[in-house]
Structure formats: C-alpha cells, structure tokens
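So the protein lines, in turn, are chains R and L. Counting from 829, one number per residue, gives the positions in the first sequence under my numbering. Counting from 829, one number per residue, gives the positions in the second sequence under my numbering. The beta carbon of each residue, even a glycine, is placed where N, CA and C say it ideally should be. These notes are about the structure you will find just below.
Number of protein chains: 2
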Amino acid sequence: MSELVSVNGAIFNPQEAKISVYDRGFLYGDGVYEVTRSYGRVLFALEDHIDRLFRSAERVNLNVGFSKDQLVKELYRVYDAANQDDIYMRVVITRGDSGGKINLDPNSSQTPNIVIFIQELPFFSPQVYREGQDLITSTYLRNSKKALDPNVKSGNYLNNIMALGEAKRLKAFDAIMVNKDGFVTEGTTWNLFMVKNEVCITAPDGADILQGITRKHLRDLAKTNNIKWEERFFTPDELKKADEAFSSSSIKEVMGIRSVDGVLIGGHGKPGPVTLKMAEIYKAHVKAYCQKHSEQKKQ
Amino acid sequence: MSELVSVNGAIFNPQEAKISVYDRGFLYGDGVYEVTRSYGRVLFALEDHIDRLFRSAERVNLNVGFSKDQLVKELYRVYDAANQDDIYMRVVITRGDSGGKINLDPNSSQTPNIVIFIQELPFFSPQVYREGQDLITSTYLRNSKKALDPNVKSGNYLNNIMALGEAKRLKAFDAIMVNKDGFVTEGTTWNLFMVKNEVCITAPDGADILQGITRKHLRDLAKTNNIKWEERFFTPDELKKADEAFSSSSIKEVMGIRSVDGVLIGGHGKPGPVTLKMAEIYKAHVKAYCQKHSEQKKQ
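Below you can see the structure in the form of structure tokens.
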C-alpha cells in the first residue's frame, strides 16, 4: 500500500479515511499541520517540522497529544506501513471535537485528532524548473500576523486558496502575496527570494510569513557557501527589477521565477546563476543529510 | 431522532456522521456555512440565510451544487426527519475533495460536499439576559476584508476562536474585535451595537464584519418603530462611554452588554431601555414571521 492515511493511529486506504463532521478542523479549520517529504526512506528535516508543528500548536493553545519523540515514532510507524521511497507526508492535528456538539469555545474539546497522509509526490514539470515560474501578484493581501498569523501553519488556508485561484484564472503558475503596507511577504505555499547584485533577499522573519524550513536551510547554506544574504522588506516593483528571483518549499525545493505580472525578471527567461547555485547546494545538502540519517537508522 | 446530521443527503446519528479526510473543509477550512434556528417548526429568515450562503459561496468561487429553491427543500427535508420544535441548524458546504489527492488548487475539486447539522439550541443563562454580558476587547485583530473577508461566512474561523479563547482565559463571556485602525468591528459570532443619546450605532456594512441577518432585521425594525439608527465607526473607548450596548445573533437574538474590559456600560449593570425595546420588538417580529410562515405551510 503506497498511499494511505492514518486516522488516530488506524491505517486506511485513502478512499476510506474519514473523520467526524464535528471535528473542529472540518468546522473551523481549527488545527495545525506540517508537510514534508522523504528522500529514499528518510523524512528530510523531520526535527525542524516537528519543532514548527509544536510551535504552531502552542501559539493557538492546541494540545498536540504527543511528545516530540512519540510523534517522530508515530510518523515513521505510519511511513513504514506505506513501504515506499520518495513520498509526500502531511500530518494534521486538530483540536478534536466537542463530543457531537457544535461549540466554538476551544475549551469544549480536550482530545486532538491526528491524521497522517502519505501519498505520491506531486509532479512539477521539468520545464518549469528549466525556465522558471510565471507568477502574479495577488489582489488578496496576505493575512496579517496581528489577526491570523501566517507563521502558524494552520487549517485556515482560504486566504492562500483565493490567491492561488486568482493565479489560475490568469493562467499563471502561482501567486505572490503582499501585506497591507504593500511589501512582498511570500507565495501561497512557499517563501520568496529576489537576487540583486548577487545578494539573496527575502522578507524578514517578523513579516507576515511562514518561516519556511527550506528557507532556514538555505540561510545556513548561504553562510557556509559565502553567498550574500539579506532579510528586509521589498515591494513587487523592486522584485520586478531584480536580477533573479526564486521560491523555496519542502516539496518543490528551489524553483526559479521567470516573470511576475508579465514582467520578465532580469531579462533572463531562465533561472539565473545564484538561483542555480542555491538549487545545487540545497540538493547536495539534502543528499548529505539523508545519507547520514540513513546510516544512523541502520545502526 | 431529535439530533441528526445529513452528509450529502444521507442521514446519520451525530456520532456516526463522517466526512472524507480529503474534504477541503477539513484540510483548509475551504467551505461556507450558515446557522439558523427554528421557532416551532419554522426556520426563521431562511431566505436571508440562503441568500447570504450563496453570496459567501460566490465570493470564494465555490459551486453550491443546488439552486436556492432546491436547498430550501433539502433543509426542510432534513429538518422534518428530526421532527422537533425549536432547533439549531447549521449547513456547511465545502468545495469537496480532489479525489483522494491533496491539491491546494481550488479547481482540483468540482463537486461540493453538503453537511446539515440539527441539534438542540445551546443554553444561555437567563441571568446573562437579565444582567448583560461581560466582554473583553481581544488583542487579536479581526481579519481584514482585503485578506480574508469576514463578510464571507467561511470555515476559516481560527481568528474568532483565538479571540473567544482569550475571553475565556480572562473569565469573560465573550470578546469584541477591532480592526487595524482601532475601530470596533463585531464580536466573535455576533454584531455589536452601542446606544448613545437613544441612537443605535453599529459598524457600517463596509467594515470588517459579517453583515448579520439579525442586524439587518433590527435595522428594518428600528425604522418602523422610530428608533434612531446610525452606521459608523467607533472605538472601544467610545463604546465604554456609551449609554447602553448590546449584541445581535440568530441564536442569541438581542443580548445586553454589561461591561467591556471591566468598564460598566452606562453605569447600568443591566440592559438599558433601548436594548430592552430592541429585544422586545425583535421577539414580536419573529413571532409574526413564524405565524405567517406556519399558516403558509399548512395551505
């Protein structure tokens, strides 16, 4: 069984996996989640994803119901049942339900529900990696961290969906989102970088963004590889005048950006040298990580 | 069976009602909903709720999968199965699922899921109606309509949940929410009114609010009863200096507000005369509506 779902520990075929309609994830999007992938049989940067899941949960006062170590074991138990290399894994933890009653009060539910999805990695055309993504700037502003913090990876994803839907209507690959002050924040499911005079520039941690794990690894890699790195606000106009631009995500890794709102970035029509360098050192880093963890697992 | 759930037309006991974990409501809060109640066997102001549900759906480009007339029939079919006076009804329509695949693109799902909940009305202590609610001003800002429009009644409810949770931690009854400019918007599940010099004042339609149906009926009733009505922005400070304050909701109807952040409104310690008048004329209006609709049903 290569694709499966675990619901509170019981494993199902995807078509048979169900949850109570009283689950607060279903009623309110009242849950947190993480997505990672495996390379071979190693779930890459799992400790980072677990840390972020717990941080998201803490910020919305949600009881995860596991220790970090227990959750790692549970994820690998479910993964082992799938018995498949190179997979997509999503873990969703909701605040549970209120015992067959609808009640908005978060205290009405004490027992979380945990759902773990394992499925094939989504396919992205090699052409997009070769030529870069064509993006739009969404007219939907990114949620403000003072209202619904994008740095909580929660089940409230309608903001991102509206932006992605807008991109698709305009035949674009995806959308970038700005905040109320007109500064670029991130994409719908990924962090955003521009390159100007060989400096990688991304919105600061405190912006209305999810602090991506791939972004964090790229920051560390930039340091060890003497690539200049800066975190500051910038506008879509500045982005359009950049030399290069790229996105980062656990699933898509580093992917070049060809155009934004029809404006070709850097006049390239293909990923620039810093983008290609970042993609290359990230791949090498993942390989080294997975080799190390694979050997540890065998011992 | 007084409490039940219909999932895509099939009726279940609440404990047995389930939905696919791939449903976009569960994964992303990607759905819209309405809540109404019956008086006797009449679902009050159902046409208003249906209109608003379709408007919410249209704004997030979600296909409801029913005509308005079909949906009214379906709601009454499910309600008849419950065979119970004076109930709470919630209808949730999600964008469905992507056929056992996780895919954020809203176009990946074409067939909505519809879930109808019928349960007992929640209990609110007569003491709260007699003495008024004690509220706090939440530190969480209300979602901005430029990011996630509060006038779309969607499954993204974490913003409201955080505010309600904050109120509960502070032993308050509920919370009011302000926008980024510091103006009062609404409560976590209800609209807010202050009374100053016998004028009912509420945030304008264009504010970051859900345009409540009870609020709309109160506006019409104010007009026919010569009660002065104004829609404008006001701050929590102005609210605290008001003569009276009250909330409106389909379930709680008109409920007085005793205090905000520990400040007694109007020095009353109980609902003021305009609040009591609004509560009274609303009840009379509901009674007349239900009598009329009950007679129409018999014909």
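Simplified DSSP state of residue i, which is helix, strand or coil
i: residue 968 of chain R; result: coil
i: residue 1136 of chain R; result: The question about residue 1136 of chain R has no answer, for chain R in this structure spans 829 to 1127.
i: residue 985 of chain L; result: coil
i: residue 963 of chain L; result: strand
i: residue 868 of chain L; result: coil
i: residue 1004 of chain L; result: strand
i: residue 859 of chain L; result: strand
i: residue 1092 of chain R; result: strand
i: residue 1027 of chain L; result: strand
i: residue 924 of chain L; result: coil
i: residue 937 of chain L; result: coil
i: residue 993 of chain R; result: helix
i: residue 976 of chain R; result: coil
i: residue 1041 of chain R; result: helix
i: residue 1052 of chain R; result: helix
i: residue 904 of chain R; result: helix
i: residue 1077 of chain R; result: strand
i: residue 1098 of chain L; result: coil
i: residue 1060 of chain R; result: coil
i: residue 1020 of chain L; result: strand
i: residue 848 of chain R; result: strand
i: residue 952 of chain L; result: coil
i: residue 878 of chain R; result: helix
i: residue 912 of chain R; result: coil
Through-space distance from residue j to residue i, alpha-carbon basis
i: residue 945 of chain L; j: residue 1006 of chain L; result: 31 Å
i: residue 1031 of chain L; j: residue 1039 of chain R; result: 35 Å
i: residue 961 of chain L; j: residue 906 of chain R; result: 48 Å
i: residue 899 of chain R; j: residue 912 of chain L; result: 44 Å
i: residue 835 of chain L; j: residue 852 of chain L; result: 15 Å
i: residue 908 of chain R; j: residue 1043 of chain R; result: 28 Å
i: residue 821 of chain L; j: residue 838 of chain L; result: Because chain L is modelled from 829 through 1127, residue 821 of chain L falls outside the range shown and cannot be assessed.
i: residue 876 of chain R; j: residue 1041 of chain R; result: 7 Å
i: residue 1092 of chain R; j: residue 957 of chain R; result: 16 Å
i: residue 1096 of chain R; j: residue 940 of chain R; result: 49 Å
i: residue 1110 of chain R; j: residue 861 of chain L; result: 43 Å
i: residue 857 of chain R; j: residue 983 of chain L; result: 6 Å
i: residue 833 of chain L; j: residue 1034 of chain L; result: 35 Å
i: residue 863 of chain R; j: residue 879 of chain R; result: 13 Å
i: residue 910 of chain R; j: residue 1047 of chain R; result: 33 Å
i: residue 844 of chain R; j: residue 1055 of chain L; result: 56 Å
Beta-carbon separation (whole angstroms), residue i vs residue j, contact threshold 8 Å
i: residue 950 of chain L; j: residue 985 of chain L; result: No, residue 950 of chain L and residue 985 of chain L are not in contact; Cβ-Cβ is about 16 Å, not under 8 Å.
i: residue 1071 of chain R; j: residue 1024 of chain R; result: 6 Å
i: residue 884 of chain R; j: residue 981 of chain R; result: 5 Å
i: residue 846 of chain L; j: residue 849 of chain R; result: 6 Å
i: residue 842 of chain R; j: residue 924 of chain L; result: Not really, about 15 Å apart at Cβ, beyond 8 Å.
i: residue 1087 of chain L; j: residue 1017 of chain L; result: Their Cβ separation, rounded to whole angstroms, is 19 Å, which puts residue 1087 of chain L and residue 1017 of chain L out of contact at 8 Å.
i: residue 920 of chain L; j: residue 859 of chain L; result: 6 Å
i: residue 930 of chain L; j: residue 918 of chain R; result: 6 Å
Beta-carbon contacts of residue i that lie in its chain and below 6 Å, excluding the five residues immediately before and after
i: residue 1029 of chain L; result: 1022, 1058
i: residue 968 of chain L; result: 990, 991
i: residue 903 of chain L; result: none
i: residue 1107 of chain L; result: 1082
Beta-carbon proximity list for residue i, same chain, < 7 Å, skipping 5 on both sides
i: residue 1050 of chain R; result: 1028, 1057
i: residue 805 of chain R; result: This structure cannot speak to residue 805 of chain R, because chain R is shown only from 829 to 1127.
i: residue 1113 of chain L; result: 1045, 1049
i: residue 1118 of chain R; result: 867, 868, 870, 872
i: residue 1012 of chain L; result: 1004, 1006, 1020, 1031, 1062, 1063, 1064, 1067
i: residue 1060 of chain L; result: 1029, 1032
i: residue 1002 of chain R; result: 961, 963, 992, 995, 1015, 1016
i: residue 952 of chain L; result: 1080
i: residue 1000 of chain R; result: 962, 963, 964
Nearest to residue i (by Cα), restricted to the options the options
i: residue 975 of chain R; options: L/942, L/1009, L/837, L/928; result: L/1009
i: residue 872 of chain L; options: L/943, L/989, L/1079, L/890; result: L/1079
i: residue 1085 of chain R; options: R/1044, R/997, R/964, R/914; result: R/964
i: residue 1074 of chain L; options: L/867, L/846, L/1015, L/941; result: L/1015
i: residue 1116 of chain L; options: L/1060, L/867, L/1042, L/928; result: L/867
i: residue 1124 of chain R; options: R/1098, R/843, R/870; result: R/870
i: residue 934 of chain R; options: R/1055, R/1066, R/855, R/1082; result: R/855
i: residue 1026 of chain R; options: R/1017, R/1103, R/1097; result: R/1103
i: residue 955 of chain L; options: L/832, L/877, L/1083; result: L/1083
i: residue 1098 of chain L; options: L/959, L/889, L/874; result: L/959
i: residue 936 of chain R; options: L/1118, L/997, L/1093; result: L/997
i: residue 947 of chain R; options: R/914, R/1118, R/1054, R/941; result: R/914
i: residue 1121 of chain L; options: L/874, L/844, L/861, L/862; result: L/874
i: residue 938 of chain L; options: L/896, L/897, L/892; result: L/892
i: residue 1052 of chain R; options: R/1105, R/844, R/1001; result: R/1105
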